[in-house]
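Residues 2 to 275 (the numbering used here) are what the sequence shown spells out, left to right. Note that the Cβ used here is the ideal one computed from N, Cα and C, for glycine as well. Since the model is a prediction, treat every value here as computed from it, not as a measurement. Since the structure comes first, as structure tokens, the remarks are kept for the end.
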Amino acid sequence: MPPTFEGPTFSGVALRLEWVERAVALVTLTRPAQMNTLSHEMLAEFGQVLDLIDVPGTRALIVTGQDRAFCCGAHLRYFAGEDATIFEPFESRDPYFARIAVLFDRLEELSFPTIAAVNGFALGGGCELALSCDFRVLAQSARIGLPETKIGAVAGAGGVQKLLRYVGRGKALDWILRATHLDADTADRWGLCSAVVTGDELLATAVALAVELRQLGPRAVAQSKRAIYVSEDADLRTARRFGIEALSMLVGGKEWQEGMGAFSEKRPPTFDRW
Numbered sequence: 002m003p004p005t006f007e008g009p010t011f012s013g014v015a016l017r018l019e020w021v022e023r024a025v026a027l028v029t030l031t032r033p034a035q036m037n038t039l040s041h042e043m044l045a046e047f048g049q050v051l052d053l054i055d056v057p058g059t060r061a062l063i064v065t066g067q068d069r070a071f072c073c074g075a076h077l078r079y080f081a082g083e084d085a086t087i088f089e090p091f092e093s094r095d096p097y098f099a100r101i102a103v104l105f106d107r108l109e110e111l112s113f114p115t116i117a118a119v120n121g122f123a124l125g126g127g128c129e130l131a132l133s134c135d136f137r138v139l140a141q142s143a144r145i146g147l148p149e150t151k152i153g154a155v156a157g158a159g160g161v162q163k164l165l166r167y168v169g170r171g172k173a174l175d176w177i178l179r180a181t182h183l184d185a186d187t188a189d190r191w192g193l194c195s196a197v198v199t200g201d202e203l204l205a206t207a208v209a210l211a212v213e214l215r216q217l218g219p220r221a222v223a224q225s226k227r228a229i230y231v232s233e234d235a236d237l238r239t240a241r242r243f244g245i246e247a248l249s250m251l252v253g254g255k256e257w258q259e260g261m262g263a264f265s266e267k268r269p270p271t272f273d274r275w
């Protein structure tokens with residue numbers, strides 16, 4: 002484990018925030034007995050943590066789970082007994098599902114890159130959590146999938162749409178309807194992750210990726226990330242217009258000047274000031 006660097010920390014009942022490198026935050030889900038499921042407590046604490054790190058100066062976020070699960074999605078006790086109101090008409094429903102969707106949207110909207118270090122099972126909402134991050138690094142023991150059809154449900158927080166975009170209709174239908182658990186090598190072959198490593202190498206690999214990203218221009222990274230997400234839902238002309246506007250915001254700025262100067266002087270750029 003790399004040394005912890007100074008920054009806002011948090012330790013709650015469901016997760017922990019620490020800094021494993023300068024400007025690199027690590028969130029660890031810490032309810033292994035519940036397979037790190039998305040309890041009300043975890044959703045609330047995740048929101049608090051995002052408030053702490055969504056500030057200028059943060060360059061990357063890594064999310065991982067404790068022990069054998071990354072995250073196994075919704076906490077099933079909310080689906081029965083005293084929590085059965087979750088199945089009432091949508092307008093009056095417990096906001097549980099809406100809170101999950103808000104969390105995943107917030108992750109995508111962060112200006113800095115996010116990395117899921119998938120240490121074990123990432124199923125249902127846990128798979129959706131991983132797909133809401135910009136990068137995924139998988140341990141060889143990882144298993145990911147959207148098996149909601151096994152419990153008479155559907156992945157409702159964006160997982161269906163994201164998996165479809167990654168692998169196409171045929172494989173999305175195959176894996177989702179059959180409730181398939183994908184192993185790490187299959188996920189890698191289909192472009193669902195950046196690397197597959199041993200469990201012992203997982204966190205170090207994710208941190209190395211975060212440090213690599215930290216060395217790039219933060220505004221350029223933020224605008225490039227936003228351009229990718231905007232372009233998914235836009236026609237070509239709209240997406241291209243956004244790209245031109247994003248570039249115009251960068252041209253002539255201090256970050257641009259440092260990058261161009263470093264290129265001309267044949268030296269590595271230093272973006273630590275921005």
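Query	Result
Identify, in the order they occur along the chain, each residue of the same chain with its Cβ nearer than 6 Å to the Cβ of A140, setting aside the five sequence neighbours on each side.	N120, G200 and L203
Rounded to whole angstroms, what's the CA-CA distance from K151 to A99? Just pull it up for me.	22 Å
Per DSSP, E22 is paired with what?	V25
Would you kindly work out how many angstroms separate the C-alpha atoms of Q16 and T31, rounded to a whole number?	A small fix is needed here, since residue 16 is Leu in this sequence, not Gln. For L16 and T31, the distance between alpha carbons rounds to 5 Å.
DSSP on F105, reduced to helix/strand/coil?	helix
Hey, G13 and T38 are a contact pair by Cβ (cut 8 Å); roughly how many whole angstroms apart?	Not quite, the Cβ-Cβ distance comes to about 15 Å (not below 8 Å), so this is no contact.
Pull the bridge partners of V231 from the DSSP assignment, please.	V231 pairs with nothing; no bridge assigned.
Once DSSP output is grouped into helix, strand and coil, what is the label at G126?	helix
Give me the residue from V222, L51 and L44 with the minimum Cα distance to P9.	L51
Based on the DSSP secondary-structure assignment, which residues constitute the bridge partners of A196?	V138
State the CB to CB distance for the pair G212 and E19, rounded to an integer number of angstroms; the pair is presumed to be in contact (CB under 8 Å).	Reading off the sequence shown, one finds Val at residue 212, where the question assumed Gly. Wrong, their Cβ atoms sit about 16 Å apart, outside the cutoff.
Since A143 contacts A185 with CB under 8 Å, what's their CB separation in whole angstroms?	5 Å
Would a C-beta distance cut-off of 8 Å place Q224 and M250 closer than the cut-off?	yes
For G125, which residues of its own chain have a beta-carbon under 7 Å away from its beta-carbon, when the five flanking residues on both sides are left out?	C73, G74, A75, L147, P148, E149 and A156
Tell me which residues share the same chain as R137 and place their Cβ nearer than 7 Å to its Cβ, disregarding the 5 neighbours each side in the sequence.	A117, V119, A131, L193, C194 and S195
Indicate whether A207 and I101 have their beta-carbon atoms separated by less than 8 Å.	no
What did DSSP end up calling T65 once you bin it into helix, strand or coil?	strand
Is the Cβ-Cβ distance between F11 and A61 less than 8 Å?	no
Output the distance between the C-alpha atoms of V252 and R268, rounded to the nearest integer angstrom.	20 Å
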